[in-house]
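Below is one structure, written out as C-alpha cells; comments come after it.
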Ligand code: ARG
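Numbering (the working numbering), first residue to last: 4 to 463.
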C-alpha cells in the first residue's frame, strides 16, 4: 500500500495531513460529544440490521454491539479519551470501536454515512429533550393550577394598556398563563411527531447499494416510520427550526410572566413577594431585593430567539443535500434546549413559592375606577342603551376624579345627577367582589368560573 500522508478515517486520497488550524476550525467533538448515547444506540441498531439482512456476520454484529456497550460505559465513567483529531463524536466512537474489536469495527460504517448518522442522532436527542421539557411544562401547569385555586377569590386589577381596566382575580390571571404554556406543550408534541422518522439509510445522499431494512432500524429506535427521500433526509433541519420556534415562543411567554412578576414585586405595585431564595441583593444599596430570576429569564429569551435565527439563516442558502454548514446547527440547538430547560425548571420551583399580597392587590383594584363598566352594565339593565350608559358613566368618572374619590364613594344624590335610573341598589353592583362575581361567562374571571376551569383542568 502506498504510504498515505493523512491518517484520518477518510485520509486515503490525501497527500498531506490536515493543517492544525483546520483541525481546530472544523472539529465538532467539543460540542457534539453529547450525542454519544444516541450515536451508540443508532450504531447498534444499524449493526443488528446489517446482520439481519446478511451484510454482516452475526459474530461481527455481536462484537460491534458489545464493543459499543463498553465504549458507552467508558464515556459515562469519564475514562473515554475524546480527540479533536477525530473530528466529531461519530469518528471518535468508530475509531475506538475498531481499537476494541478490530475489523468488525471497520465494517460498521457499511451502507451508511455520517450525513444520515448525524441526522439520526439529533432526531433521537431532540426527541428525548422534548420529552424532558414537556415534563417540566407539566410541573409548571400543575403549579399554576394550585396557585389559581389558592387565589381564586383574590381580587386584583386587570390591565389593558397597563392602565387599570376591570377587576379580575389573581387565580384567573394564573390560568391565563397556564393556557399559554399548554399551547406550547401541544406545539412541542406536534413537532415531535414530525421529527420521529428515521433518516438512516439515506447514506451520503442517494441511498445505498446494500439490501438494508430501514424499517427494522426504525422499529429498534422507536421511530414511527422512515423518511421518504434520501436527499431530503440528510439535508432536512426543519424539525430543529420548528423546535427552536416553539422554544422561542415558550421563552416569550416566560418573559412576559417575568415582566409581570418584576412589576408586581416592585414596591410601587407590591402585589407579590418572591421568596428570598429567588432574589439577590445589591452590593451597594442595602435595602435592595432584586427579582433577578425573572429578569434573567426575560434576558435569556433573547438568546433562544437568537438560536432560532441562527438556524433559519444557516439553512436559507443551502442547496441539497448535505453541506458542512449543517455542523453549525448543533450549538444553537443545544443552547436552546439548555436555556429553555433551565428557565422551565426555575419557573417550576418559583411558581408555588409566589406569595400574593392580597390586600395590596385589592387596594390597587379599588383605584382607577375599575368598576366603571359595572355601573354602565347596571344602567343597561335598567333599560338605557349601552352607548348612552357609557357616556353617563364617563361623566360620573370625571366628577369622581375631580373629587379624588371612587365611584362607589359618591353619595347617591350625586350619582343620580348623572342618571335618574340610578337607585340605591347601585352600590351592590359596583363593589369589587360584585364586579368579578358578575363576570361569569364561560372563561370569565368570576371565582365561580375560575373554580369551574380548575375542575375541568383536573378532569372532574
Ligand atoms: N460533524 C458533522 C456534522 O455535524 C457530521 C457529518 C459530517 N459529514 C461530512 N460529509 N463531513 O454535520
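Built from N, CA and C at the ideal position, the CB exists for glycine as well.
Check: So does residue 31 have its beta carbon nearer than 7 Å to some heavy atom of the ligand ARG?; Outcome: yes
Check: State yes or no: is the C-beta of residue 232 nearer than 7 Å to some heavy atom of the ligand ARG?; Outcome: no
Check: Could you tell me the boundaries of the alpha helix (DSSP H) in which residue 340 lies?; Outcome: 333-353
Check: Pick helix, strand or coil for residue 448, following the three-state DSSP scheme.; Outcome: coil
Check: For residue 325, verify whether its CB is less than 7 Å away from any heavy atom of the ligand NAD.; Outcome: The ligand NAD is absent from the structure shown, which contains only the ligand ARG.
Check: Is there at least one non-hydrogen atom of the ligand ARG closer than 7 Å to the beta-carbon of residue 77?; Outcome: no
Check: Just to check my reading of the structure: residue 435 and residue 202 have Cβ atoms closer than 8 Å, yes? What is that Cβ distance to the nearest angstrom?; Outcome: Contact doesn't hold; Cβ gap of about 58 Å is too wide.
Check: State the Cα-Cα distance for the pair residue 425 and residue 447, rounded to the nearest angstrom.; Outcome: 26 Å
Check: Grab me the residues of residue 260's own chain with a C-beta within less than 7 Å of its C-beta, minus the 5 sequence neighbours each way, in chain order.; Outcome: 180
Check: Hey, how far is the Cα of residue 210 from the Cα of residue 322?; Outcome: 18 Å
Check: Are residue 162 and residue 359 closer than 8 Å when you measure CB to CB?; Outcome: no
Check: I need the straight-line Cα distance from residue 51 to residue 354, nearest angstrom please.; Outcome: 47 Å
Check: Given a cut-off of 8 Å on the beta-carbon distance, is the pair residue 452 and residue 461 in contact?; Outcome: no
Check: Looking at residue 104 and the ligand ARG, is the gap between the Cβ and the nearest heavy atom below 7 Å?; Outcome: no
Check: What do you reckon, is the C-beta of residue 330 under 7 Å from a heavy atom of the ligand ARG?; Outcome: yes
Check: With 16 as the cutoff for other CB atoms within 10 Å, does residue 368 come out buried or exposed?; Outcome: buried
Check: Any heavy atom of the ligand ARG closer than 7 Å to the beta-carbon of residue 91?; Outcome: yes
Check: Does the beta carbon of residue 35 fall short of 7 Å from some heavy atom of the ligand ARG?; Outcome: yes
Check: Note down, in chain order, each residue of its chain lying with its Cβ closer than 6 Å to the Cβ of residue 104, except the 5 sequence neighbours on either side.; Outcome: 66, 70
Check: Just to confirm, are residue 91 and residue 140 a CB contact at a threshold of 8 Å?; Outcome: no
Check: Taking the alpha helix (DSSP H) that residue 395 falls in, what are its first and last residues?; Outcome: 389-406
Check: Just the Cα atoms here: how many angstroms apart are residue 432 and residue 378?; Outcome: 7 Å
Check: Express the C-alpha separation of residue 199 and residue 226 in angstroms, rounding to a whole number.; Outcome: 5 Å
Check: If I measure Cβ to Cβ from residue 191 and keep anything under 7 Å in the same chain, skipping five residues before and after, which residues do I get?; Outcome: 133, 136, 137, 249
Check: Would residue 158 and residue 439 qualify as a contact pair, given that the criterion is a beta-carbon distance under 8 Å?; Outcome: yes
Check: Is the beta carbon of residue 370 within less than 7 Å of some heavy atom of the ligand ARG?; Outcome: no
Check: Have a look at 44, 61, 86 and flag the residue whose alpha-carbon is nearest the alpha-carbon of residue 76.; Outcome: 44
Check: Using beta-carbon positions only, say whether residue 306 and residue 338 come within less than 8 Å of one another.; Outcome: yes
Check: Which of the three DSSP states is assigned to residue 4 in this structure?; Outcome: Because the pLDDT at residue 4 is just 42, under 50, the model does not fix this residue reliably, and the point stays unresolved.
Check: Could you spell out the range, first to last residue, of the beta strand (DSSP E) harbouring residue 159?; Outcome: 158-163
Check: Determine the contact status of residue 55 and residue 216, defining contact as a CB-CB distance below 8 Å.; Outcome: yes
Check: Cβ of residue 115 within 7 Å of any heavy atom in the ligand ARG?; Outcome: no
Check: Leaving out five residues on either side along the sequence, give the residues of the same chain with a beta carbon under 6 Å from the beta carbon of residue 258.; Outcome: 301, 304
Check: Per DSSP, what are the beta-bridge partners of residue 228 in this structure?; Outcome: 200
Check: Out of 441, 207, 371, point me to the one whose CA is closest to residue 164's CA.; Outcome: 371
Check: Checking the sheet assignment: what are the DSSP bridge partners for residue 169?; Outcome: 161
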